[in-house]
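Participant:
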Amino acid sequence: MSLPIQQDARRFRQIVRGKVRENLRQYISNSELIGRKGRDLVSIPIPHIQLPYFRFGGRLKGVGQGEGEIGTPVGTDGRADADGSAGDQPGAHILEVELTLEELAQILGEELELPRIRPKSKNNVMGTITRYSGMRRVGPESLRYFKRTYREALKRQLASGTYDPARPAIIPIRDDKRYRSWKEHPVPDNNAVVIYMMDVSGSMSDRKKELVRLTAFWIDTWLQAHYKNVITRYIVHDAIAHEVDSRTFYSLRESGGTRISSAYELCNHIIHREYDPAAWNLYSFHFSDGENFDRDDDRRCLELLAEELLPCLNLFCYGQVRSYYGNQFYDTITKIEDEKLCAVKINNDEEIYTAIKTFLGKGY
Amino acid sequence: MTRLVDYRELQDAIESHAREFGLDFFEVRFQMLDYDMLNQVAAYDGFPTRYPHWRFGMEYERLSKSYAYGLHRIYEMVTNTDPCIAYLLASNQLVDQKLVMAHVCGHADFFKNNLWFAHTNRKMLDEMANHAARIRRHVERYGLEEVENFLDACLSLDNLIDIHAAGIQRRPQPQSGPQPHRLYKLPAKDYMDSFINPPEFLAAQQARYQQAEQQRKHFPEEPERDVLLFLLENAPLENWQHDVLDIVREEAYYFAPQRQTKIMNEGWASYIHTNLMTRSVLEPDELIDYADHHAGTVATHGRHLNPYKLGLELFRDLEERWDRGAFGPEYEACDDLKARDEWDRRLGLGREKVFEVRLIYNDVGFIDEFLTEDFARQHRLFSYDYNDVTNQYEISGREFAEIKQRLLFQLTNFGHPIIDVLDGNYQNRGELYLLHRYEGIDLDIPYAQGTLRNLYTIWGRPVHVETVVEDKVRMLFSYGPEGDSREKLEELEEE
Chain A
251 MSLPIQQDAR RFRQIVRGKV RENLRQYISN SELIGRKGRD LVSIPIPHIQ LPYFRFGGRL
311 KGVGQGEGEI GTPVGTDGRA DADGSAGDQP GAHILEVELT LEELAQILGE ELELPRIRPK
371 SKNNVMGTIT RYSGMRRVGP ESLRYFKRTY REALKRQLAS GTYDPARPAI IPIRDDKRYR
431 SWKEHPVPDN NAVVIYMMDV SGSMSDRKKE LVRLTAFWID TWLQAHYKNV ITRYIVHDAI
491 AHEVDSRTFY SLRESGGTRI SSAYELCNHI IHREYDPAAW NLYSFHFSDG ENFDRDDDRR
551 CLELLAEELL PCLNLFCYGQ VRSYYGNQFY DTITKIEDEK LCAVKINNDE EIYTAIKTFL
611 GKGY
Chain B
145 MTRLVDYREL QDAIESHARE FGLDFFEVRF QMLDYDMLNQ VAAYDGFPTR YPHWRFGMEY
205 ERLSKSYAYG LHRIYEMVTN TDPCIAYLLA SNQLVDQKLV MAHVCGHADF FKNNLWFAHT
265 NRKMLDEMAN HAARIRRHVE RYGLEEVENF LDACLSLDNL IDIHAAGIQR RPQPQSGPQP
325 HRLYKLPAKD YMDSFINPPE FLAAQQARYQ QAEQQRKHFP EEPERDVLLF LLENAPLENW
385 QHDVLDIVRE EAYYFAPQRQ TKIMNEGWAS YIHTNLMTRS VLEPDELIDY ADHHAGTVAT
445 HGRHLNPYKL GLELFRDLEE RWDRGAFGPE YEACDDLKAR DEWDRRLGLG REKVFEVRLI
505 YNDVGFIDEF LTEDFARQHR LFSYDYNDVT NQYEISGREF AEIKQRLLFQ LTNFGHPIID
565 VLDGNYQNRG ELYLLHRYEG IDLDIPYAQG TLRNLYTIWG RPVHVETVVE DKVRMLFSYG
625 PEGDSREKLE ELEEE
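Protein chains in written order, with the numbering used here: chain A, 251 to 614; chain B, 145 to 639.
Listed below in structure tokens is the structure:
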């Protein structure tokens with residue numbers, strides 16, 4: 251982002267996304283370029299703002315060149331100042347261009363003005379990368395180190411007097427041969443673990459689960475843009491918690507009462523057994539409709555959070571989808587004051603937006 | 145195998161071939177850029193910097209995506225300045241760089257010599273930087289949103305200039321002021337004066353005089369084609385707004401000749417690069433790549449006209465005709481197709497003629513004079529129209545007169561409607577009245593309304609444009625405090 255034009259480009263994107271200059275909205279359109287991606291044709295949407303000006307209207311009357319009879323179609327979208335060669339091959343299968351996840355994350359970050367995550371300095375565990383910067387005397391031919399071999403041979407010949415400048419011919423022997431070898435360099439690695447917990451008791455409807463799913467998707471995208479590896483674990487609970495895979499997480503429906511502490515216990519258990527907080531960036535998100543079994547359980551949850559979970563997590567977020575039974579757990583959890591704790595109510599699609607912004611807005 | 149290329153040497157070699165060929169141009173300074181910087185420069189129309197505006201961002205995004213999907217590699221860009229600045233894409237192969245350099249020589253020669261560029265500001269590099277600095281200052285002082293809104297309104301009107309003006313008018317003749325007048329009095333001796341010329345009579349005289357004055361004195365006295373100039377001089381603008389509008393107008397005039405000579409300029413540069421490359425510059429092992437890339441630039445896409453190709457073919461055609469002597473009254477009078485095809489007086493005037501043509505003509509004259517029926521037939525030109533039945537554009541014929549007329553129409557006034565200021569004090573209420581010189585094609589009404597709205601922002605009082613709709617109905621479209629409106633005007637009497 252260092253070219254001066256990036257500012258203009260950013261301003262343009264802001265206008266196109268409707269964030270500023272409402273009065274330009276009516277002039278925004280999407281034309282397309284047809285490009286190639288391998289063998290497929292791809293449609294690349296190009297947003298365009300056209301300021302009004304005095305121009306001719308109605309249908310074009312134009313001039314073209316090429317073969318054809320009267321009545322042959324001429325591929326044009328109307329204004330002959332469009333680029334590209336659209337429209338000439340009817341029936342070609344055109345794919346929509348996908349955004350890469352990085353681009354998606356970038357848009358998310360811009361839209362929500364999210365700060366980049368500053369991973370806690372977890373320098374204890376290093377990943378390694380391999381570089382072929384070393385040398386040894388034996389090895390496979392594919393790793394032969396020509397220059398060094400040559401040099402060794404030259405040295406030997408000079409030392410033994412067999413080198414003839416008039417007819418230089420360097421022939422290495424077995425002892426001259428040198429091969430590349432690798433060294434491992436430690437590189438601080440950034441890895442993250444995200445533990446999603448969801449209340450799947452009777453009161454969580456499909457609609458609410460859908461809200462959770464959407465929120466989780468954006469969180470995943472965002473985190474993946476910041477960490478080399480993101481491992482996701484899923485816990486569902488009603489009165490008891492178990493770990494599941496992502497599919498089950500989003501489709502399971504149980505019935506029964508709700509004990510949130512069961513989920514927190516399990517989460518804690520997983521962390522302590524498998525992920526050393528000193529080495530991993532840990533995130534945890536819990537979604538529920540707020541109804542917990544009783545006061546005792548509330549207390550247990552608060553204990554777990556304050557004493558076990560919050561100390562080792564980067565961030566803990568609680569999202570409460572609307573419930574008919576009151577907002578009890580939200581009120582409970584907000585009793586803890588900790589900047590790593592974040593609680594939000596998500597009542598509908600629009601509020602996912604604010605939820606994500608709150609969750610990820612801290613830069614943890 | 146990679147060779148270390150001395151680009152300076154290469155440039156010198158190519159330019160010396162170009163000069164031998166007869167070209168004449170200001171010093172060209174090449175810059176080698178990576179694709180990202182090149183896209184930025186292209187978005188800025190070849191200048192290193194422009195005033196801050198989203199439209200440059202828009203163009204940059206389009207170019208970047210287009211490049212990313214392999215749709216183009218900008219081949220050449222050169223500025224109309226002294227010295228010229230031109231660009232090379234770092235990742236291009238050597239044969240491409242040669243093609244670009246040769247092509248740029250053509251453009252540079254055209255800019256320097258073509259008549260229509262004679263009055264352009266060759267120090268535009270500095271000017272553009274200056275414009276950028278001024279706009280930035282205004283943004284700092286008055287805020288981005290305010291300046292951007294106003295800039296957008298100005299840009300909306302930037303085709304309302306006088307393309308026939310020789311260069312940009314800066315200080316037009318002041319309009320002559322009102323003549324002092326004396327009231328007409330009936331002859332009377334002094335003591336009889338108040339009886340013969342009583343006050344009521346004098347008052348009536350005064351009233352009649354004022355009415356006549358008003359009718360005469362709607363300004364401008366002549367319809368003003370340069371609407372932007374009229375606004376600069378008469379609209380109630382704050383200093384910074386005046387400055388912004390002035391900048392927009394300067395740049396519009398600067399680029400106008402380029403827009404009027406696009407076909408010729410591209411044709412000329414292509415003509416030059418093909419000549420230089422095939423005669424002097426290409427190595428044998430580069431031939432295939434060159435042929436491939438050249439074909440890419442002059443390809444037709446889906447039956448659209450490619451200005452590079454059209455221009456190039458026209459130059460080649462006229463060169464060949466002047467070599468053969470296939471011009472003039474005798475040739476025109478000949479009806480026999482076969483005789484025309486085989487006509488060859490061996491005059492060898494082709495080269496001289498193309499050099500002369502690139503000196504004098506712009507696109508309108510170029511097409512008018514050199515697009516012949518033979519050419520149209522050879523190059524399979526056709527007219528196309530929208531078919532309401534099948535809902536698509538279709539070839540509608542190959543009749544030469546129609547083709548030529550359409551092309552000329554598209555090129556006149558860059559294909560934009562001709563609009564004059566008729567009255568800056570319409571209805572004696574300071575309203576602005578524009579006239580669209582109707583020539584058979586209607587204005588785009590929604591766009592016109594949007595433009596009027598922007599005009600209103602600048603003028604401050606209601607604005608109107610008179611036009612004709614569907615060939616016969618005179619309409620007046622307006623914009624004022626109540627929003628937009630329209631009314632039907634009475635038919636003009638037939639002459």
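We put the beta carbon where it would ideally sit given N, CA and C, even for glycine.
Treat the numbers as computed from the prediction; the structure is a model and nothing was measured.
#1: What residues in the segment 557–569 of chain B have a beta carbon less than 8 Å from any beta carbon of chain A?
#2: For N531(A), which three-state DSSP category applies?
#3: G312(A) to Y528(B), Cα distance in whole Å?
#4: Go ahead and pull the three-state DSSP assignment for R417(A).
#5: When the cut-off is 7 Å and only beta carbons count, does T322(A) lie next to chain B?
#6: Would you mind telling me which residues of chain A sit closer than 8 Å to D586(B), beta carbon to beta carbon, in chain order?
#7: Is there a Cβ of chain A sitting closer than 7 Å to that of H287(B), yes or no?
#8: How many angstroms separate the CA atom of I521(A) from the CA atom of T582(A)?
#9: Relative to the C-alpha of D512(B), which candidate in N341(B), L552(B), D485(B) has its C-alpha closest?
#10: Tell me where the beta strand (DSSP E) around L274(A) begins and ends.
#11: At least one CB of chain B closer than 7 Å to the CB of D258(A): is that the case?
#12: The alpha helix (DSSP H) spanning T604(A) covers which residue range?
#13: Determine the DSSP secondary structure at K453(B), reduced to helix, strand or coil.
#14: Can you look up E460(A) in the DSSP assignment and give me helix, strand or coil?
#15: For A491(A), name the three-state secondary structure that DSSP assigns.
#16: For the structure I just gave you, are there three or more beta carbon pairs, one from the segment 223–243 of chain B and one from the segment 173–191 of chain B, closer than 8 Å?
#17: Determine which residues of the segment 502–533 of chain B have a Cβ less than 7 Å from any Cβ of chain A, and write them out in chain order.
#18: Provide the residue span of the beta strand (DSSP E) that contains T611(B), from first to last.
#19: Quick check: the segment 456–466 of chain A against the segment 559–573 of chain A, are there 3 or more CB pairs under 8 Å?
#20: Cβ atoms of S511(A) and C551(A): under 7 Å apart, would you say?
#21: With a threshold of 6 Å on Cβ separation, who are the neighbours of L620(B) within its own chain once the five nearest residues in sequence on each side are excluded?
#22: Is F262(A) closer than 7 Å to M202(B) when the C-beta atoms are compared?
#23: Use the C-beta contact count for I379(A): other C-beta atoms within 10 angstroms, 16 or more gives buried, fewer gives exposed.
#24: Please classify Y477(A) as buried or exposed, where buried requires at least 16 other C-beta atoms within 10 Å of its C-beta.
#25: Quick check: what's the CA-CA separation for L525(B) versus F254(B)?
#26: Please name the residue or residues paired with N280(A) in a DSSP beta bridge.
#27: So L238(B) packs on V149(B), CB below 8 Å; how close in whole Å?
#28: Let me check understanding here. Comparing Cα to Cα, which of Q184(B), V222(B), N535(B), Y188(B) lies closest to E171(B)?
#29: What is the DSSP secondary structure of K209(B), reduced to helix, strand or coil?
#30: Can you tell which of I320(A), I420(A), L560(A) has its C-alpha closest to the C-alpha of Q536(B)?
#31: Can you list, in chain order, the residues of its chain with a C-beta nearer than 6 Å to that of G604(B)? Leave out the 5 residues immediately preceding and following it.
#32: Considering only residues of the segment 260–288 of chain B, which uninterrupted alpha helix (DSSP H) runs meet the minimum length of 4 residues and lie entirely inside it, listed in chain order?
#33: Between E169(B) and W466(B), what straight-line distance do the alpha-carbon atoms span, to the nearest angstrom?
#34: Would you verify that the beta carbon of D387(B) is, or is not, closer than 7 Å to some beta carbon of chain A?
#35: Does the beta carbon of K311(A) sit closer than 7 Å to a beta carbon anywhere in chain B?
#36: Can you tell me the Cα-Cα spacing of P295(A) and S210(B), whole angstroms?
Facilitator: Short version:
#1: G559, H560, P561, I563
#2: Reading the first sequence from its first residue, position 281 is the one you call residue 531(A). DSSP places N531(A) in strand when its eight states are reduced to three.
#3: Your numbering for residue 312(A) matches position 62 in the first sequence. Your numbering for residue 528(B) matches position 384 in the second sequence. Going by the C-alpha atoms only, they are around 5 Å apart.
#4: Your numbering for residue 417(A) matches position 167 in the first sequence. Coil.
#5: Along the first sequence, read from residue 1 onward, the residue named residue 322(A) stands at position 72. At least one chain B Cβ lies under 7 Å of T322(A).
#6: Within the second sequence, residue 586(B) is the residue found at index 442, counting from 1. Within 8 Å Cβ-Cβ: F306, G307, G308.
#7: For the purposes of this step, residue 287(B) is identified with residue 143 of the second sequence, where counting begins at 1. Position check: residue 287(B) holds Gly in this sequence, whereas His was assumed. Output row for G287(B): interface = no.
#8: One-based indexing of the first sequence puts residue 521(A) at position 271. One-based indexing of the first sequence puts residue 582(A) at position 332. Cα to Cα, the separation comes out at about 24 Å.
#9: Indexing the second sequence from 1 puts residue 512(B) at position 368. Among N341(B), L552(B), D485(B), the Cα nearest to that of D512(B) belongs to L552(B).
#10: On the first sequence, residue 274(A) is found 24 positions in, with the first residue counted as 1. No beta strand (DSSP E) contains L274(A), which DSSP labels as neither H nor E.
#11: Here residue 258(A) is taken as the residue at index 8 of the first sequence, counted from 1. Cβ-Cβ to chain B under 7 Å: yes for D258(A).
#12: Residue 604(A) sits at position 354 when you count from the first residue of the first sequence. Element bounds for T604(A): 599–610.
#13: Residue mapping note: residue 453(B) aligns to position 309 of the second sequence, counting from 1. K453(B): helix per DSSP, three-state reduction.
#14: In the first sequence, counting from the first residue as 1, residue 460(A) sits at position 210. Three-state DSSP puts E460(A) in a helix.
#15: Translated into positions along the first sequence, residue 491(A) becomes position 241. Note: A491(A) maps to strand in three-state DSSP.
#16: yes
#17: H523, R524, L525, F526, S527, Y528, D529, Y530
#18: For the purposes of this step, residue 611(B) is taken as residue 467 along the second sequence, with counting starting at 1. Here the beta strand (DSSP E) through T611(B) covers 607–613.
#19: yes
#20: Numbered from its first residue, the first sequence carries residue 551(A) at position 301. Numbered from its first residue, the first sequence carries residue 511(A) at position 261. Yes. Within cutoff.
#21: By 1-based counting over the second sequence, the position of residue 620(B) is 476. Only H608, E610, E631, L633 meet the Cβ criterion.
#22: Residue 202(B) sits at position 58 when you count from the first residue of the second sequence. Residue 262(A) sits at position 12 when you count from the first residue of the first sequence. Yes, Cβ-Cβ distance for M202(B) and F262(A) is below 7 Å.
#23: Counting from 1 along the first sequence, the entry for residue 379(A) is found at position 129. Label assigned to I379(A): exposed.
#24: Position 227 of the first sequence, counted from the start, is the residue given in the question as residue 477(A). With 16 or more other Cβ atoms within 10 Å, it is buried.
#25: Taking the first residue of the second sequence as position 1, residue 525(B) is located at position 381. Taking the first residue of the second sequence as position 1, residue 254(B) is located at position 110. Approximately 27 Å between the Cα atoms of the pair.
#26: The count along the first sequence starts at 1 and reaches residue 280(A) at position 30. Note: N280(A) sits in a beta bridge opposite P297(A).
#27: As a working mapping, residue 238(B) is identified with position 94 in the second sequence. As a working mapping, residue 149(B) is identified with position 5 in the second sequence. Contact holds; Cβ gap of about 6 Å.
#28: Locating residue 171(B) in the second sequence gives position 27, where the first residue counts as 1. Of Q184(B), V222(B), N535(B), Y188(B), the residue nearest in Cα terms is V222(B).
#29: Numbered from 1 along the second sequence, position 65 holds the residue referred to as residue 209(B). DSSP places K209(B) in helix when its eight states are reduced to three.
#30: Position 392 of the second sequence, counted from the first residue, corresponds to residue 536(B). Checking every option, the nearest Cα to that of Q536(B) belongs to I320(A).
#31: As a first step, residue 604(B) is located in the second sequence; it is residue number 460 there, counting from the start. The answer, listed in chain order, is P380.
#32: 268–286
#33: Here residue 169(B) refers to the residue found at position 25 of the second sequence. Here residue 466(B) refers to the residue found at position 322 of the second sequence. Rather than Glu, the amino acid found at residue 169(B) in this sequence is Phe. Their backbone Cα atoms lie some 25 Å apart in a straight line.
#34: As a first step, residue 387(B) must be located in the second sequence, where it is residue number 243. By this cut-off, D387(B) is not an interface position.
#35: Locating residue 311(A) in the first sequence gives position 61, counting from the first residue. With 7 Å as the cut-off, K311(A) counts as an interface residue toward chain B.
#36: Sequence index remark: in the first sequence, residue 295(A) carries index 45 (1-based). Sequence index remark: in the second sequence, residue 210(B) carries index 66 (1-based). Distance between the alpha carbons of P295(A) and S210(B) is about 10 Å.
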